[in-house]
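Encoded as structure tokens, the structure appears first; notes follow it.
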Amino acid sequence: METHSTLFRLDVPLGDRSYPILVGRGVLQHVGEHLRALQPSQLAILTHPQLAQWYGEPIVASLQQAGIPTHLLPVPPGERTKRWEVVGRLLRQMAQRALDRRCVVVALGGGVIGDLAGFVAACYLRGVRYVQIPTTLLAQVDSSVGGKTGVNLPEGKNLVGAFHQPVLVLIDTDTLATLPRRHFRAGLAEVLKYGLIADEALWHLVRAEASSLRQGQSERLEEIVYRCCAIKARIVSEDETEQGVRAILNFGHTVGHALEAVEGYGRLLHGEAVAIGMVSAALVGEVVGVTPAGTAEEIARSLQALGLPVTLPQGVDFARLLQVMARDKKARDGQVRFVLLERVGQARLPVAVNEEAVIRALSLHQQKFVQRTTGG
Ligand SMILES: NC(=O)c1ccc[n+]([C@@H]2O[C@H](COP(=O)([O-])OP(=O)(O)OC[C@H]3O[C@@H](n4cnc5c(N)ncnc54)[C@H](O)[C@@H]3O)[C@@H](O)[C@H]2O)c1
């Protein structure tokens, strides 16, 4: 690990598609230098209007000064923006500005912008370079690394996409200061997930920092983000297209995705659904005898300390949840699959779990866990 006061640097080793990730406070102050070093013919910055104003315009000014034509292409915030029609519109805007193969697309925003901009970059002229500048905690620790890009269809989430790796990821943790607290906490669910699947020391660190993290800050935030990126980078370099180990990143996502679908996207943030899903997955593991008894309880306590929900929504229909889980694109032959924990810090590749065990775990979930967190 290379550190310069608050700057961490790591590489995602993928042969000729390897790329660096820089993590630290104030990284954006040097964004002009980093982008100029790529020698782009032009830049297209995809972002939301508010983020354009806060973080985009200074980037434009610095690049225009260096003589690099730079275009801000704002799109509205929200999951609805991640759709086919918006891709078409953006591609046309790029063509109208005569962006050539040496252009660089910049994704300035959360996971919605990252997935959309990455996909646009994968499609334009059969693939141009793009840079991730993630501004939500979820995007900083997860979606900006690994090259999964794509959009939703009315038939389902992330049904269209491409693997297209960025050429650079610039993570400025100072941008999190403007992120609404609820979104920050949602990102903490993914942070805790990394500890659970791959890094027991990170799990302990996050628990030790829980009271400041739930307030959206921590002296050790850069280090925490860096450690998450390091885990993701390692897993992605071993299994770029999710043929094997990359699937462990889906811990908590089997029930999480189903809850998002059943409850309606937008009611639960993705990270909140994953938080609840991690408790369910730990209980499934306990029921089938893979996960040590008491793990789910411990996970729930830690999530609550971070201000995250752990209970299944009231009145949720298990049969409906199971139906959605069996239809998930990660299910196989209609069988529900779970990433299970062997212990904290060690996950097992997804396995099919029979319906009876899932129902038993969901019932335990409903009986044992009540929400103890309040705002704050
Ligand atoms: N590609 C992957 O590997 C991967 C992994 C996980 C999730 N995702 C995708 O990520 C998306 C969710 O991403 P998200 O949780 O970042 O949500 P998001 O991109 O919708 O951002 C959440 C909200 O925060 C606002 N925002 C972003 N940065 C801000 C800042 N610094 N200050 C103030 N407001 C800010 C946005 O405008 C938006 O309203 C989903 O579409 C999901 O499918 C992709």
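The numbering of the sequence shown is our numbering, which starts it at 70 and goes up by one. Backbone N, C-alpha and C define an ideal beta-carbon position, used for all residues, glycine too. Keep in mind that this is a model prediction, so the values were computed, not measured.
Heavy atom of ligand 1 within 6 angstroms of residue i beta-carbon
| i | result |
| --- | --- |
| residue 244 | yes |
| residue 302 | no |
| residue 344 | no |
| residue 180 | yes |
| residue 326 | no |
| residue 212 | yes |
| residue 233 | no |
| residue 252 | yes |
| residue 310 | no |
| residue 322 | no |
| residue 248 | yes |
| residue 364 | no |
| residue 207 | yes |
| residue 116 | no |
| residue 150 | no |
| residue 143 | no |
| residue 184 | yes |
| residue 360 | no |
Alpha-carbon to alpha-carbon, residue j and residue i
| i | j | result |
| --- | --- | --- |
| residue 98 | residue 114 | 16 angstroms |
| residue 428 | residue 88 | 43 angstroms |
| residue 420 | residue 409 | 8 angstroms |
| residue 393 | residue 135 | 51 angstroms |
| residue 320 | residue 258 | 11 angstroms |
| residue 117 | residue 185 | 12 angstroms |
| residue 194 | residue 171 | 10 angstroms |
| residue 244 | residue 178 | 10 angstroms |
| residue 152 | residue 158 | 10 angstroms |
Where residue i falls: helix, strand or coil (DSSP)
| i | result |
| --- | --- |
| residue 180 | helix |
| residue 126 | helix |
| residue 236 | coil |
| residue 73 | In this predicted model, residue 73 has a pLDDT of only 44, less than 50, meaning its place in the structure is not dependable; the value taken from the coordinates is given anyway. Residue state, collapsed to three classes: strand. |
| residue 420 | strand |
| residue 434 | helix |
| residue 273 | helix |
| residue 300 | helix |
| residue 118 | helix |
| residue 439 | coil |
| residue 97 | helix |
Determine, using beta-carbon pairs with one atom in the region 283-300 and one in the region 329-342, whether at least three such pairs fall under 8 angstroms.
-> Between the region 283-300 and the region 329-342, the count of Cβ pairs shorter than 8 angstroms is below three; the stretches do not touch.
Using a Cβ distance threshold of 8 angstroms, determine whether the region 374-381 contacts the region 272-285, with at least three qualifying pairs required.
For the pair of segments examined, the region 374-381 was found to touch the region 272-285: the number of CB pairs separated by less than 8 angstroms reaches three.
Does the contact criterion of 3 or more C-beta pairs under 8 angstroms hold for the region 219-228 versus the region 246-254?
The region 219-228, when compared against the region 246-254, does not touch it at the 8 angstroms Cβ threshold.
Task: alpha helix (DSSP H) runs contained entirely in the region 191-239, provided each spans 4 or more residues - done: Entirely contained in the region 191-239, not one alpha helix (DSSP H) run reaches 4 residues.
### Query
Are at least three pairs of beta-carbons, each pair with one atom in the region 156-174 and one in the region 203-212, less than 8 angstroms apart?
The region 156-174 makes no contact with the region 203-212: fewer than 3 CB pairs, one atom from each, lie closer than 8 angstroms.
**Message:** Please give the ranges of any alpha helix (DSSP H) in the region 357-428, keeping only runs that are unbroken, at least 4 residues long and fully inside the region.
**Reply:** Every unbroken stretch of the alpha helix (DSSP H) spanning 4 or more residues and falling wholly within the region 357-428 is given here in chain order: 364-374 and 387-396.
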